[in-house]
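Trainee: This structure is in structure tokens; I'll ask about it shortly.
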Amino acid sequence: MAPTFLHYLTLANPKVDSSESKEGDPTKIPRVYGPHDCKLWADVTWENLEATFGEALRQEAHDHITRDVDDAASVKTDVLEEASVITLIETWNQKVVQRALHGTRDILIKNQLKGPLSRGVIYFAKNDGEGHMRCERGNVQRPDWCVYQKKPAEKKVRFDNIVPGECKPAKKWKSEWINSDDERLKKKARKALQQITKYMYLGKTRYGFIISEEELVPVRLSMFYRQKDALEGRVVAEHREQQIADTSEVYGEGDEPYNPHSPGIPLEAGQTLGAPFINPGNRIRLLLEYCQIPWAASGIGSLTVNLTLWWLPLLAVQNSSIKGTDTYTSLGEMARGGSPEFKEQEQRDKVDNNTTLAQTSTRKRRAETQAYPITRSKSRNSMHRGQGDKPVAKRTRQALFGGYPGGSQGETDSESMLTQSFASSHASSSGPRRATRKNKGNLGGSFTSIPSTTQSAEGHASFASSFQSG
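In short: position in the sequence shown from 1, add 5, done, that's my numbering.
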């Protein structure tokens, strides 16, 4: 009898030597999108996988998927830095997972996933450009790993990355640091989580992972609304006092001061919020669920690294859109989807795009003003432009935005609409429009500026009540 797919996916991983790996910090991203809060992803269990895909996994794998781990001498198992982890995963795990995805495809199309798998073959690969994405400024973002679907005759070179992944050496990242009492370790964990959250949010997918030579950490992203302003103000005020008291202990030389107006994400020097979270009127928060799969796990009955990496793409092809916290279908149910889309997010994206264009339009007008600066003549009572002798009036708000309800007479309809959108989106904020070095940083002992117990009771519950499970 031929070995099954389950047999191959639960083989032990090669033993790794990371004794020469150096300690350090994960990449600090300049533009932060979350997470605002984290919690354990309790749904990732052997029982749920067995209930949904156990039959397919127990089918015979007629093609030899991979050699036994004892024959892995050619695999580079010395981990020195992040590139070493990428090489290890590419040489061992990626090959096993990809062959298992191909091998189970026909079985799953016949029995369970005909619709999702008919959209194309699933590829799990090191990201060489196929899984890049862009931020709202148009800058290319490059996760280490990607999962995408491609039809045999398709000639595209870029695809939707439905499960972005990041590699980190274990001396720079461990999931146990997320709730560490050591603030230095917690900062390291925060940087890694901010990076994978950025890829998931920009890629508009709920699934992702971080992998090292010691563990695989699958993650899932969801949205919830912030608490009511009155409750939030009271709790933040109490929490702020403790944060300010601990400033000298947590922040070192060169770090940014605590910002009481920050919307709940701890920032470091040089970091700013991405859209729409930089908008003071934004109500959306991101929750990241995570769990831990040990590198050493092996054998049937255990979730292994390869088995979980095979599972995540099959979840993503069914539905990968980011939805409301506590509305996702249980991983133990085969029929997935049905929960409503997060409509407010679509509206926020439109508002943010309009705001960005309006800010660009305003900067252009200021640049035009500076091109012809106002100078003072020998007579102290006359003002004139450097390019001519005609007297000019002081530039007022009317001159910038027009003296008519829809803008100036020479302003187009689209410019008028953008100007109004820009003004209205900032009307509710009493703070500055742009972050400065004095208000970028946010000191946080946890991933939220509000205790998570209150957030779960108020923020998550109020959101979940407005959506049906699905």
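Heads up, the beta-carbon is just placed ideally off N, CA and C, and yes, glycines get one too.
Can you look up W150 in the DSSP assignment and give me helix, strand or coil?
Mentor: In the structure shown, W150 sits in a strand (DSSP, three-state: E or B).
Trainee: Taking the alpha helix (DSSP H) that G213 falls in, what are its first and last residues?
Mentor: Not the alpha helix (DSSP H): G213 falls in the beta strand (DSSP E), residues 212-216.
Trainee: Are there three or more Cβ pairs, one per stretch, closer than 8 angstroms when the stretch 218-235 is compared with the stretch 288-298?
Mentor: The stretch 218-235 is in contact with the stretch 288-298.
Trainee: Going along the chain, which residues of its own chain have a beta-carbon closer than 8 angstroms to the beta-carbon of L93, five neighbours each way excluded?
Mentor: Excluding residues within five positions, the ones whose Cβ falls inside 8 angstroms are P19, V21, V80, K81, T82, V84, E218.
Trainee: Once you ignore the five residues that flank L45 on each side, which residues in its own chain have a CB closer than 8 angstroms to its CB?
Mentor: Only E294, Y295, C296 meet the Cβ criterion.
Trainee: Per DSSP, Y295 forms a beta bridge with which residues?
Mentor: BP columns for Y295 point to L45, V224.
Trainee: Residues in the same chain with beta-carbon distance under 6 angstroms from G29, minus the five sequence neighbours each way, listed in chain order, please.
Mentor: The answer, listed in chain order, is K177.
Trainee: Can you find at least 3 beta carbon pairs, one from the stretch 199-216 and one from the stretch 142-150, that sit closer than 8 angstroms?
Mentor: Verdict: yes, contact present.
Trainee: Between the stretch 123-137 and the stretch 153-167, do three or more beta carbon pairs fall short of 8 angstroms?
Mentor: In short, these stretches touch, since the Cβ pair count reaches three.
Trainee: By the three-class DSSP mapping on this structure, what secondary structure does R110 have?
Mentor: Note: R110 maps to helix in three-state DSSP.
Trainee: Keeping to the same chain, check which residues put their C-beta closer than 6 angstroms to that of N311; ignore five residues upstream and five downstream.
Mentor: If we look at N311 and ignore the five residues flanking it on each side, its Cβ neighbours are L14, N98, V101, V102.
Trainee: Hey, out of S325, N144, P31, I283, whose CA is closest to P121's CA?
Mentor: Residue S325 is the option with its Cα nearest to P121.
Trainee: Identify whether R195 lies in helix, strand or coil by the three-state DSSP scheme.
Mentor: Three-state DSSP puts R195 in a helix.
Trainee: Anyone know if the C-beta pair for M228 and L291 falls short of 8 angstroms?
Mentor: The answer is yes: Cβ separation under 8 angstroms.
Trainee: If you count every other CB in all the chains shown that lies within 10 Å of the CB of R36, and 16 or more means buried, which is it?
Mentor: Looking at its Cβ environment, which holds 16 or more other Cβ atoms inside 10 Å, R36 is buried.
Trainee: Since Y38 and Y206 are thought to touch, with beta carbons under 8 angstroms apart, how far apart are those beta carbons, to the nearest angstrom?
Mentor: Right, their Cβ atoms sit about 5 angstroms apart.
Trainee: Quickly, what does DSSP pair L278 with across the bridge? List them, please.
Mentor: Per DSSP, V37.
Trainee: Around the C-beta of A194, are 16 or more other C-beta atoms found within 10 angstroms, so that it is buried, or is it exposed?
Mentor: That one is buried.
Trainee: With 16 other CB atoms within 10 Å as the buried threshold, where does A47 fall?
Mentor: Its Cβ having fewer than 16 others within 10 Å, A47 is exposed.
Trainee: Hey, could you find the ends of the beta strand (DSSP E) E171 is sitting in?
Mentor: E171 -> beta strand (DSSP E) spans 170-172.
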